[in-house]
Structures are given as structure tokens and as C-alpha cells.
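Residue numbers (this note's numbering): 11 to 921.
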């Protein structure tokens, strides 16, 4: 009997997950998305920044890369902070063990489907544990609604958000067991796991837990008779939270340490604290992002049940108020932008309410609670199948008509604007809410005229099947490339087609270096058609990249070297052939041949891709990946206050061993037309000003940018720094350019001579997963080895077996002191805080295991905790908890809501 019940429970858990997966797969089939076609599910940030990280994870799982470090972007990048939003240690990532590398991008559709099914499954487990009295259809539709909720429609482009969404119900189950039964282990373990998945979202969970647990204790557990229980729960929440955070330390500490160095984090710290607080409180509008409202998509019926249930069970004031607060806490982030910003620690870029999965979770939990309460009140939650046939038929027909009608209207319409779509949904949602409100009153009310079984069953079928139809409609509209436009979707970098192009190029051209040799020999795409993270996709090192982890110093130094930057990206556009060589660029791939006409570049291949023809060029003037330089001239190199030519000449002198000039400002009369006299072989560059076209000897110079390689306007979206004008020899060149522009000449003969000299020194570099070995010959003067990698604090260096300092050179080079003779250098990477965090995690896990085993053997543990909560330490924890609850509630809710109310009154006054 027990085996049968267990089997039935498993089938009941899997049913909503299976239905979720079938609906999602149906959408993929109709839209021709992989595995049912060549289409991909990506749009917005999914392709440009998140999909490439899964190529990194693929390499990790297949033993080709280290988990926390990637050599392929941003001169080598510590990815510890990436666990905030772009990758994590989710068990779902094991999926990529079974996927060929060239299908990683396409397979994200299947990957996402597994997440949605997981969300439905865990939600069913949670609501069944919390309210098993609720009828199965209520728990089923709640699980289905969570799996296909509005959050998945608006935020799925960052798949790691869905990882946290899957495991939230299990965390909530642990919290429920702690508050209800006094058992804290599941809470601590799941808090640790979800925080390790994403410390960013994990801290938001803590905000919710602190505030809602306070409501639970002071409402449900109010009164003197429960004082001991309150102290016990406060102590266990404190210990469970500390234990959970300690369990996550192995991921949390390295991530937080790197976050404090990133340009993204530091860009949020501008302005004083008072100005920042006032700015946050003044952010009272709720209309900045339409996507906020869509977080309640498909929840109209659940909201109707909650409202009617709250009225119906108003005499059970404690439970009703607790449920309403449970729903209000996350839902307040929709209308109150100031609360939303506070939850996001002061700011966010796009993707509002990143923890918005809490909204459908709370609403659906509240609806299931009241559905269970109604079932308990009536004493009958089971449905009689024979009496449901006709009502079910009515519900199915209604759902089918609604689905067909809406989808036909939507897809026959011209491309929608997001405003039009939002307006349409608001009207439809209002009508559906009225329908569900009526159905709720009919089903659960005690109106004699509507008490017939047929009427009540029809209302029930509509309450189950119409939401299911709405979820199908939402899935068809929201998953895959949208049939609507947004001010961000149209930006060229939002397209993920470059990933496909990068895969095609990697297969067609010889681009991947031998992993046993120099993995930091770099590829450059100066037309930026491959965006910024193509290095991860191709498995080839690049200077460019975007993983939100680049430091401000590195980004600013890249700008001073003449390269473009955009938001938190470093771009391939710009730079000179000299800085390219210094930064390890050995090959150039471009769809604009003009950019590779220099005598130092040699064409080595060509490939036809879905995005056009790309040519591959080898840099004949490339440098070795380790160079001996003069320490005194470069150790304190700070380009922030230097001119472009001074910067490049300083670097040239440092690596050449003697002072010299390789880049000079071209002499001219200024103006919009200039005659430049070129002696010898020179490459010309221009920077500054604005013009619709740059012309050299009457020919228009291309200024390619992502999505528009034939662009001529300067500056361009992804091409706003140095522009290559061509290579010339012993001639006068006429340049038509902006009056404010500066023109530079790079001596190609000196560059080639320096390349030949450095390569003759027989230096050598080999790169492993998280270590680099280099051989370089030093001298009394050339006493610093410089490598074109970002000097992360996680690096340790040894030279000939002895530990040496790692010197950060302007964020773009790593320096290691060397001595006269042959130097064997080993650089090893270990994220800062990883060892310390791992020790904390292991010790915490051991302590928790021992406590758990002790508790199983000794039944008096519960009494021990009660005694502990009554001693001075326990009482102090309780009062600290009360103070924390009061402070968080005031800061995160009371003050912003009062400020909002005052603001609304003041702006309507006539003076």
C-alpha cells in the first residue's frame, strides 16, 4: 500500500512537469526552434552574454577549462563573480555533458524546457507539503502556472535566473518546516545552495525571509503563550541563516571579493549616500519597464481566489493576514519602484525585479492555501468524474476558442510595440479577472441560486482550463524571438546570430590553437560583427569580452590604448597594429577586407558563413606572449593622464630596450581636409570628432560596427575610438575628416623590426587550465617579464622555483620580476577567498552533519534548543532579530510607501 501511494505521489509530481514540458515543446515545434528546426530561442542578452558562458561550462565539464577562469575573453578573466547572473554550479549544467560543443547554443531551448519542468515539479512538491488538503486540480494548476509564469517569459534570457526559480520552492519548504515544525536543516542547506547558485538573488531571498518570518512570528505566533516558540524560531532562523551562508562560502566569498573590483559594481557607487537614498526614494514610478506588470501574467484566477478567500475567512484573521502579507511583500516591487531598487541594492540595468519569481510563487501559494481551506470547510475535495463531463467540455471549448482567437489575432497583427502588447494584455487581464471573480464566487460562495452542482463544476472547469489556455498563449508569444519590439531588443548586439557565425568560422578556419602550446595567442575581429564573447564560442583567446567582471582600470586603460568600450565591454575595434601585437593578437578575422590591407598582414583563409564571407589574416609582426622589459619604465605605468602617442611610445621603448618613437601625431594644417606626408611605411589612424564619412585620397573609409559592417559614420555604436585609415609608403595622403580629429602615423618598419627582434629571443609560453608557464631571458636592464593578461589578484608567480610578486600594469598587463639569464616563470590562478571559503564550507557541513546525527540519536535536542533560546544569548538573538525585522520593514517598505504617498499628494497640489 505504501509503495502504491509513493508511486502515485511521484506520478502526481511529474504530471505538471510533463504538461509544462509538452506545452513548451509544442511552442518549439510550431516555431521551428531546435530540436524541431534550425531556430534558436535566444534574444536580448541571452545570445550576447549568457550563451557563451555555457561554452565555457562545456569546456569545464569536458576537462578543457577551469571552473573559475577563462583564457578566452578580456585577456583572461576571473569568472568568480559570474555566479551572480551568468553561470553557476547548478546540477542542470550536467546537461552539457551530453551535448556536442557545436550545438550548445541551439540546445539552450531543451535546456530551458528542463528548467520549466523542474519549476513545475518543485512547486507541486511544496504546495502539496504545505496544503495537502487542497484538491489535486488546484495544486496541479498552481505548479503548471509556476512553470510557465510571467517571470519565465520576461527573464528566461538569463538562464541562471531559472536555476534559482527551480530550487526556490525547496528553500521555501525548508523555511516552512523551520517555522512550523522547528526543523532547520533543510532551510540551512537550501539557503546555502541557492546562495551559492547566485549570491545576488540569495541576498534578496534573505530580505523576504527576514520580513516574512517576522510577520509569521508576530501574527501567527503572537501572544505571551507563544513567547518561547518565537524565541526558539528566531534562534533557529539566525543559526540556519548563518549556517546556510557558511555553506555557500566556497562560492560566495570569491564572488563578493571579485564583485568589489568590477567596473559594474563601482559604477553603482557614484554620488554621496544622502543623494543616493533620495534618488532611490524619488524613483516612485512603476511604468519605466512594462515587464514589471507581466510578472502577474496568468495569475488572475489565483488573485481572485485569494481576494475572495481573504474575505470569506476574515474571521481566521491571523492566517488570513499572514497569507496576505506573504503575497504583498514581493508584489509591492511592481508598483513601488523605490522598493524594487532597494531590493536590488540601489540600482539595476534592465531586467527589473530579478527576483520576480517570488511573485507567482507567493500568489500561487496563497491561492492553494485558500483552495485547501475551502475544501476543508466543505469536507469534500474530490471530484465526481461523471458529473464533470459536460462542464469539462464547456471548459475545453472555451479554452480552445480563447487560445485560437488570441493567437490568431496576435500573429496576424503587424509587429507589435511592447506598449501595444502591454495595453492589450492589461485589458484582457482585467476581463479575465472579472470572469474568474465570478467563477470563484460561484464555486466557493454560498449563493443558493448558484448552488447547483453543474454550475459549480462548470465554474471550476473554467478556473482550471482558462488559466491553462492563458499559459499556452503566453508561451507561444513569449518564448523565442518576439513578435514585438522594444527599445532594447533592436540593438544589434542583442542578436545571438554571431554565435552561429562564430561556430561556423571555428569549423571552417584553422582558428583554435594547440591547447598544449600558447593559448593566449589572440584573435581579433575589428569589425565587431562577432560581438564580444566570441572567444568563448570559438575556443580562442581574445582581447574583447563581456562577462560583467572587467575592472574599471582595465576598461579605462583599453580606452587610453585606443580601443573602443561599450557599457561593461571592451571591444575589438580600435587600437593600433603595435598594441595589437603587444596584447598578443596573432590573427585577424574580418568581413571588411579594408581593415587588413597592411603589409604586415597576410591572408591565410576565407570562409562563407550565414552572415557573409569572412577572411582570416595572420599578423606577421606579432610578438611572443612573454617579453622582457625595463621594469623602471613600465612598473608604474599609468595611462590615465597620458596622450595616445606618449602611451604607445613609452610601451615601445620599454619592450624595445631603448627609447624610440613608433607612433607620432601627423603634422598638418588642421581643418576638414589634410595633406599628410608619409615617409617610409606607415599605418594611419584617426580619432575624435564626428562625421558622416571619412575619406582618404577620395575613397570613403569604412567604419564597421556590429550589425552594420558597411557603416561610414563616425563614431559608430561599436566603433568610436581609433579608426584605421590604411597603410601607405612614401607618399602624400589626403584625408577628409572632422576638424577636431587627430591623425596618427604608426611606423610599420619599426614594428616589424621589433617583432623580428623579440621572436628571435626564443621566449616560450604554455598555458594550462588555470596556470601559465613561460620561459624568457632577462638582463640587468630587461628585468621585468610582461604578459598580455589581466593581473588578477588570484595569480601567484614563481620564477625558477622562488615566489615573486605579480605586478598589475595598468589593468592590461601582468608583470613578473626576473633576473639576468633564463627565467622559468609559473603563474597559477586561484580565486581570492576560494580556499578560505572552502574551509568554511567544509567545516560547516561537518558540524551540521554531526548535529543532525546527534539529533536523530538524542530526542531531547528540541528541548535543548528551547533552553538555549531562553538563556541570555538566545534572548539577545531574539531581540536582535526583532530590531532587524523592524529596521528592514521600515527601510524597505514603510518609508518608501510613505514617501510615495507624499510624493503623489505633492505633485497634484496647484503650487
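The beta-carbon is built from N, C-alpha and C at its ideal position, and this holds for glycine as well. The model shown is predicted, which means the values in this text are computed figures rather than measured ones.
For residue 133, the enclosing alpha helix (DSSP H) has its first and last residue at 114 to 140.
In the structure shown, residue 87 adopts extended strand secondary structure according to DSSP, grouped into three states.
In the same chain as residue 554, and ignoring 5 residues on each side of it, the C-beta atoms closer than 6 Å to its own belong to 542, 580, 581, 582, in chain order. Here the alpha carbons of residue 797 and residue 736 stand approximately 29 Å from one another.
Annotation for residue 614: the continuous beta strand (DSSP E) segment containing it runs 611 to 619. One alpha carbon belongs to residue 803, the other to residue 256, and they sit about 23 Å apart. Counting only runs of at least 4 residues, the stretch 459 to 541 fully encloses the following alpha helix (DSSP H) elements, listed from N- to C-terminal order: 463 to 488, 507 to 518.
Three or more Cβ pairs drawn from the stretch 123 to 132 and the stretch 143 to 162 lie within less than 8 Å of each other, which places the two stretches in contact. In the three-state reduction of the DSSP assignment, residue 736 falls in the strand class. Taking C-beta separations shorter than 6 Å and ignoring five residues to either side along the sequence, the partners of residue 68 in its chain run 106, 111, 114, following chain order. As a beta-bridge residue in DSSP terms, residue 746 pairs with 683, 705. Residue 890 and residue 254 have their C-alpha atoms spaced approximately 19 Å apart. Around the beta carbon of residue 912, fewer than 16 other beta carbons lie within 10 angstroms, which makes this residue exposed. Taking 8 Å as the cut-off, the beta carbon of residue 631 is found no closer than this to the beta carbon of residue 788. By the C-beta density criterion, residue 19 is exposed, having fewer than 16 other C-beta atoms within 10 angstroms. For residue 866, the enclosing alpha helix (DSSP H) covers residues 844 to 867. Residue ranges of uninterrupted beta strand (DSSP E) with 3 or more members, entirely inside the stretch 593 to 678 and ordered along the chain, are 595 to 600, 611 to 619, 622 to 629, 637 to 639, 673 to 675. If you compare the alpha carbons of 920, 730, 886 with that of residue 248, the shortest gap goes to 886. DSSP places residue 342 outside both helix and strand once states are collapsed to three, so it counts as coil. Residue 363 is not bridged by DSSP to any residue. Scanning its chain for C-beta atoms nearer than 6 Å, with the 5 sequence neighbours on each side dropped, one finds around residue 384 the residues 454, in chain order. Across the set 149, 510, 564, 437, the C-alpha of 510 shows the shortest separation from the C-alpha of residue 546. Looking at the DSSP output, residue 729 bridges to 726.
Cα atoms of residue 668 and residue 578: separation of roughly 36 Å, rounded to the nearest angstrom.
The alpha carbon of residue 263 has as its nearest neighbour, out of 840, 862, 325, 762, the alpha carbon of 840. It is roughly 10 Å from the alpha-carbon of residue 587 to the alpha-carbon of residue 762.
Note on geometry: alpha-carbon atoms of residue 502 and residue 714 lie some 13 Å from one another. By the Cβ-count criterion, residue 23 is buried, with 16 or more other Cβ atoms from all chains shown falling within 10 Å of its own Cβ. Counting only the Cα atoms, residue 615 lies some 12 Å from residue 601. Scanning 589, 729, 708 for the CA closest to the CA of residue 718 turns up 729.
In the three-state scheme derived from DSSP, where H, G and I count as helix and E and B as strand, residue 271 is classed as coil. Non-local beta-carbon contacts of residue 337 in its own chain, meaning distances under 7 Å to residues more than five positions away in sequence, involve 316, 372, 373, 376 in chain order. Put simply, the backbone Cα of residue 424 is about 43 Å away from that of residue 746.
For residue 653, the number of other beta carbons within 10 angstroms of its own is below 16, and it is reported as exposed. By the C-beta density criterion, residue 302 is buried, having at least 16 other C-beta atoms within 10 angstroms. By the beta-carbon neighbour count (other beta carbons within 10 angstroms, threshold 16), residue 340 is buried.
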